[in-house]
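In full-length UniProt numbering, the protein residues as written are 1 to 292.
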């Protein structure tokens, strides 16, 4: 007698994190249903493809048929990738739609993509910094743009759904996520101008580690809705973190010491709940001295 594989629906499956997640879950033995408005990279060899919109009730209902768990990655990923109305409504309606429908069907586990942007600090056009370092899941919010507000709203939706239907939901606050080559480019930019990265704590995550965090979240022993901040253990720049904070955030309290290039972002909850530590670190570009 063969064991029937568990089935997971992945929305936003043809995005950067989505493709890596589909590959990881397939390798872990999941049957993967992939939902996206169109497919440019994934093929039928990668997953069972469903063309549809995560904001559409009928599309989501059809995709959820026979599903045991949900990974919701569909979103407009930046405040500049649409009008304020398009960005906010797409993100919050899709999250509400997939979580509520999944919960009503008795699906007990979901993972959703939140963001370090959910605090509102990185995209805030005022001269604000995190209230303290390390950046963690309890950081006070200061929203003044629609993308960060949408991600924070998604976390509140997860709390509501968990309370109403008893679903267990992990909202992963991703930092800057990309492949290694693209992350090196970002690191070079932050090395030339470290102030660009101060609101993010110069944090990042390789897309392969993002997929691992999703996979761990599907198996984690949790109840209710939980927000989990992610980051690689060290920063993306070749500078001492304490010196960076002294230079670019001297008035921001520090709740711990950051030796060497330790990232000023707390991943304690990720380690405790998910057993997650990023495995792929980027060696920062060396500082090039100007010719005299």
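Note that beta-carbon positions come from the ideal geometry of N, C-alpha and C, so glycine has one too. Treat the numbers as computed from the prediction; the structure is a model and nothing was measured.
| Asked | Found |
| --- | --- |
| Within 8 Å, strictly: CB atoms of residue 142 and residue 128 | yes |
| Three-state class that DSSP yields for residue 150 in the structure shown | helix |
| Residue-level contact to chain D via CB, residue 192, 8 Å cutoff | Judged by its chain identifiers, the structure shown contains no chain D, having just a single protein chain. |
| Beta-carbon spacing of residue 371, residue 252 below 8 Å | Outside the displayed span of the chain (1 to 292) sits residue 371, for which this structure offers no information. |
| DSSP state of residue 2 mapped onto helix, strand, coil | In this prediction, residue 2 scores a pLDDT of 47, lower than 50, which makes its location untrustworthy; the coordinate-derived value is nonetheless stated afterwards. Residue 2: coil per DSSP, three-state reduction. |
| Same chain, Cβ closer than 8 Å to residue 86, five either side skipped, listed in chain order | 76 |
| N-terminal and C-terminal residue of the beta strand (DSSP E) that residue 273 is part of | That residue, residue 273, is in no beta strand (DSSP E); it is neither H nor E in DSSP. |
| Contact under 8 Å by Cβ, residue 8 with residue 60 | no |
| Local Cβ density within 10 Å of residue 74, reported as buried at 16 or more and exposed below that | buried |
| Endpoints, the beta strand (DSSP E) within which residue 85 is located | Not the beta strand (DSSP E): residue 85 falls in the alpha helix (DSSP H), residues 84-104. |
| Residue 169 versus residue 215 - alpha carbon distance | 13 Å |
| Residue 266 versus residue 135: straight-line alpha-carbon distance, rounded | 6 Å |
| Unbroken beta strand (DSSP E) run spanning residue 129, endpoints | Here residue 129 belongs to no beta strand (DSSP E), and DSSP marks it neither H nor E. |
| Proximal residues to residue 150 (C-beta, below 6 Å), its chain only, five neighbours per side dropped | 88, 91 and 92 |
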